[in-house]
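For the sequence shown, the tail end lands on 101 under this note's numbering, and the numbers increase by one without skipping.
Report on the following structure.
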Amino acid sequence: MSQLTPADLKPHLMLASDYAGDDVRLQNLIDAAEARVKRYVRRDLDAEYPQGWPQDILHAVKVVVAFLDQNREPGEGYHAKHGLPEMVADLLADARNLAG
């Protein structure tokens, strides 16, 4: 189950909260961003945080969604090794399981 909804992302993306035309596209981006964050940290975040992910991890998801929304192809700003925006790699550094 997704940790965020399109309604959670609209203020972050500066989109009108009453417009539902982007909701399916936003949910697809949220799903992709959450999956990417889980792969990057190498942890089962849903099992570890059944009541909801920590705010720093949720913010990283929001940054990934915003980045995916604005950038369709890899380029500047991506962490060269991990395919994530550099800010996201920094936000998730403490959550990452390097042994996994």
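Cβ coordinates follow ideal geometry from the N, Cα and C atoms, glycine included.
Suppose you measure from the CA of Leu85 to the CA of Ala8; what does that come to, to the nearest Å?
23 Å
Touching by the beta-carbon criterion (3+ pairs, under 8 Å), the stretch 43–58 and the stretch 9–17:
no
Who does Pro7 pair with in a DSSP beta bridge?
In DSSP, Pro7 forms no bridge with anything.
Let me know the secondary structure DSSP gives Pro12 once reduced to three states.
helix
Throw me the rounded Cβ distance for the Arg44 and Asn98 pair, which I believe falls under 8 Å.
5 Å
Rounded distance between the beta-carbons of Leu46 and Ala64, thought under 8 Å
Going by the sequence as given, residue 64 is Val instead of Ala. Not really, about 16 Å apart at Cβ, beyond 8 Å.
Counting only the same chain and skipping the five closest in sequence on each side, list residues whose C-beta sits under 8 Å from that of Gln28.
Ser3, Thr6 and Pro7
Since Val42 contacts Ala90 with CB under 8 Å, what's their CB separation in whole angstroms?
Going by Cβ atoms, the distance from Val42 to Ala90 rounds to 10 Å, so no, they are not a contact pair.
Distance check for His60 and Glu87, CA to CA, integer angstroms please.
14 Å
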